[in-house]
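Participant: For reference, the structure I am asking about is given below.
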Amino acid sequence: MDKFNDMLLVTANVGSLFDNVGEIQNGWLEELYKTIQKYKPQFIALHFQEVGGKDYMVNMDKAESFFCTIESSEEMKEFDRSCVYVDTEFQTEDSFTALGSMYFIHRALKNIYQYDFNVKDFKTVSGQTKYVGSLNGVCTVEKEKFPKNFWPDFKWSRKGFLRTRWVIHNQGLDLVNIHLFHDASNLIAVNSSPSIYSANRKKALRYVINRISDSPSNPIPFFLFGDFNFRLDTLTLVQRLTIEADVVKVMKERTNEVEKIIFEEKDDGRQMLLQIEEKLFEYVHQAVFRKDNGRA
19 MDKFNDMLLV TANVGSLFDN VGEIQNGWLE ELYKTIQKYK PQFIALHFQE
69 VGGKDYMVNM DKAESFFCTI ESSEEMKEFD RSCVYVDTEF QTEDSFTALG
119 SMYFIHRALK NIYQYDFNVK DFKTVSGQTK YVGSLNGVCT VEKEKFPKNF
169 WPDFKWSRKG FLRTRWVIHN QGLDLVNIHL FHDASNLIAV NSSPSIYSAN
219 RKKALRYVIN RISDSPSNPI PFFLFGDFNF RLDTLTLVQR LTIEADVVKV
269 MKERTNEVEK IIFEEKDDGR QMLLQIEEKL FEYVHQAVFR KDNGRA
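According to this note's numbering, the sequence shown is numbered sequentially starting from 19.
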C-alpha cells in the first residue's frame, strides 16, 4: 500500500518559463512530476509568480496552456478535485498581480474544506474549479496588489498576494502566494544599508501579515510561500569585495546621474575588480562566490 505524505507546497517564479517556452518549460515540468511521484502527497499547493513572463502582454495566451498541461498530466490523475486561480487581466493595471495558485486534492483525502470569504464559512471541496482573469468577485480567494504609495518614487509593478483558506484534517490554515519587490537598480541598492528596496520588502511583508491576521481572537496558522526577492545587502557586499580598491564614477552627460561605478586595484596595473550598472554586477574574481559554498 502506498504511503502518502499530507502536503506538498511548491513555489516558483515562472517568468522565464513563458519567455523561453520551448527551452526550459518541459524540463521544469519533469522535475515537478518527479517530486510528486517521490513524495506522494494528498494535497498539492503550487504558487506561481510572474505568470506570462516579463513580456506578459504577448505571452499571456500561453498561460492557460501551461496550467492545462499540469492539470491533464498523468501525475494528476489520482487528484479528483482541484482549485485553480490565475490573475491574467493585465489590462487592469490597478489590480493586476500576475500571480497563479493551483491546488490539487487526492481522492484519498476526504476531510477537506475551503473558505468562502463572502459568506465567511467553509464549504466542502468538490470537482474542478478554475478561475482565469481578474479574479475580482471570486469568493474563495483574496487578491490584492500592493498600494502604489508603498514606493512612490519607483515604477508601480505587478506585486501583491493571493490568499486561500482551508481546513485539512480538522486543521484550519491559510496559504498565501506572495511576490515582493525586487532591486530595480544596483546603483540605488548600493547607496545604503539596508537598501531602500529592502525597506520596501519589509513594509510589504508586514502589510500582508497584518492583513491575513484578521482574527486575533481566533488565529489561524498561515504559510507564506512565493517570491520574496531576498537579496544580499549590496553595500556591505561591495565594501567587502573592494577593500583595497579605488572608486571611479562615470556620469551620464545629459543628466549628470551616475551611469556606472568602477572599482580598480590600487597597484600600477589598475585592473578592474568590479563594475556596477543599473542591471549589471560584474566581479572579476568569480571563484569567491563558489569556493566553500560562498563562504571564502
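Think of the CB as a built atom: it goes at the ideal place given N, C-alpha and C, for glycine as much as any other residue. If you're wondering where the values come from, they're calculated on a predicted model, not measured in any experiment.
From Lys52 to Phe243, what distance separates their C-alpha atoms?
Facilitator: For this step, residue 52 is matched to residue 34 along the sequence shown. For this step, residue 243 is matched to residue 225 along the sequence shown. C-alpha separation (whole angstroms): 21 Å.
Participant: Name, in chain order, the residues that DSSP records as bridge partners for Val104.
Facilitator: Indexing the sequence shown from 1 puts residue 104 at position 86. In DSSP, Val104 forms a bridge with Gly118 and Val150.
Participant: Quick check on Gln60: buried or exposed, where buried means 16 or more other Cβ atoms within 10 Å of its Cβ?
Facilitator: Working through the sequence shown from its first residue, we reach residue 60 at position 42. With 16 or more Cβ atoms within 10 Å of its Cβ, Gln60 is classed as buried.
Participant: Between which two residues does the alpha helix (DSSP H) containing Gln293 stretch?
Facilitator: Numbered from 1 along the sequence shown, position 275 holds the residue referred to as residue 293. Here Gln293 belongs to no alpha helix (DSSP H); instead the beta strand (DSSP E) covers Met290 to Glu295.
Participant: Compute the distance between the beta-carbons of Leu259 and Leu292, then report whether it is under 8 Å.
Facilitator: Sequence index remark: in the sequence shown, residue 259 carries index 241 (1-based). Sequence index remark: in the sequence shown, residue 292 carries index 274 (1-based). Cβ atoms of Leu259 and Leu292: closer than 8 Å.
Participant: With Thr182 as the anchor, note down where its alpha helix (DSSP H) starts and where it stops.
Facilitator: Translated into positions along the sequence shown, residue 182 becomes position 164. Note, Thr182: premise wrong, no alpha helix (DSSP H); beta strand (DSSP E) at Gly178 to Ile186.
Participant: Pick helix, strand or coil for Val143, following the three-state DSSP scheme.
Facilitator: Residue 143 sits at position 125 when you count from the first residue of the sequence shown. Val143: coil per DSSP, three-state reduction.
Participant: Asn247 by DSSP, collapsed to three states: which one?
Facilitator: Within the sequence shown, the letter at position 229 stands for residue 247. Three-state DSSP puts Asn247 in coil, outside helix and strand.
Participant: Which one or two residues does DSSP pair with His65 in a beta bridge?
Facilitator: As a working note, residue 65 is residue 47 in the sequence shown. Thr29 and Ser119, per the DSSP bridge assignment.
Participant: Nearest to Phe36 by CA position, among Ser83, Thr254, Tyr57 and Leu50, is which residue?
Facilitator: By one-based count along the sequence shown, residue 36 stands at place 18. Of Ser83, Thr254, Tyr57 and Leu50, the residue nearest in Cα terms is Ser83.
Participant: Rank Ser119, Glu107, Gln109 and Ser100 by C-alpha distance to the C-alpha of Phe66 and give the top, closest one.
Facilitator: By one-based count along the sequence shown, residue 66 stands at place 48. Closest option to Phe66, Cα to Cα, is Ser119.
Participant: On the DSSP bridge assignment, give the partners of Glu82 in chain order.
Facilitator: Taking the sequence shown and counting its residues from 1, the one referred to as residue 82 is at position 64. DSSP output for Glu82 lists no bridge partner at all.
Participant: Ordered along the chain, which non-local residues of its own chain (more than five positions away) have a Cβ less than 8 Å from that of Val17?
Facilitator: Here the chain covers residues 19 to 314 and nothing more, so residue 17 does not appear.
Participant: What is the rounded straight-line gap between the Cα of Tyr103 and the Cα of Ala30?
Facilitator: The count along the sequence shown starts at 1 and reaches residue 103 at position 85. The count along the sequence shown starts at 1 and reaches residue 30 at position 12. The straight-line gap from Cα to Cα measures roughly 15 Å.
Participant: Do Lys278 and Glu262 have their C-beta atoms within less than 8 Å of each other?
Facilitator: Here residue 278 corresponds to residue number 260 of the sequence shown, with the count starting at 1. Here residue 262 corresponds to residue number 244 of the sequence shown, with the count starting at 1. For Lys278 and Glu262, no; Cβs fall outside 8 Å.
Participant: According to the Cβ coordinates, are His289 and Glu282 closer than 8 Å?
Facilitator: Taking the first residue of the sequence shown as position 1, residue 289 is located at position 271. Taking the first residue of the sequence shown as position 1, residue 282 is located at position 264. For the sequence presented, residue 289 should be read as Gln rather than His. The answer is yes: Cβ separation under 8 Å.
Participant: Contact check, His200 vs Gly178 under 8 Å by CB: the rounded distance?
Facilitator: Position 182 of the sequence shown, counting from 1, holds the residue named residue 200. Position 160 of the sequence shown, counting from 1, holds the residue named residue 178. The C-beta distance from His200 to Gly178 rounds to 14 Å, too long to fall under 8 Å, and the pair is not in contact.
Participant: What is the DSSP secondary structure of Asn77, counted as helix, strand or coil?
Facilitator: Numbered from 1 along the sequence shown, position 59 holds the residue referred to as residue 77. DSSP, reduced to helix, strand and coil, places Asn77 within a helical segment of the structure shown.
Participant: Whose C-beta lies closer than 6 Å to the C-beta of Ile9 among residues of the same chain, with five residues either side of it excluded?
Facilitator: Outside the displayed range of the chain (19 to 314) lies residue 9, so it cannot be described from this structure.
Participant: Applying the 10 Å Cβ sphere with the 16-neighbour rule, what's the burial state of Phe22?
Facilitator: To locate residue 22, count along the sequence shown from 1; it is residue 4. Because Phe22 carries a pLDDT of 49, less than 50, the predicted location of this residue cannot be relied on, and no value is offered for it.
Participant: By how many angstroms is the C-alpha of Leu180 removed from the C-alpha of Ser152?
Facilitator: Taking the first residue of the sequence shown as 1, we reach residue 152 at position 134. Taking the first residue of the sequence shown as 1, we reach residue 180 at position 162. Approximately 12 Å, taken between the alpha carbons.
Participant: When DSSP labels each residue in this structure, what does Asn195 get in the three-state scheme?
Facilitator: The residue you call residue 195 lines up with position 177 of the sequence shown. The answer is strand: DSSP assigns Asn195 an E or B state.
Participant: Gln43 bridges to which residues according to DSSP?
Facilitator: Counting from one through the sequence shown, the residue named residue 43 turns up at place 25. Beta-bridge pairing links Gln43 to no other residue.
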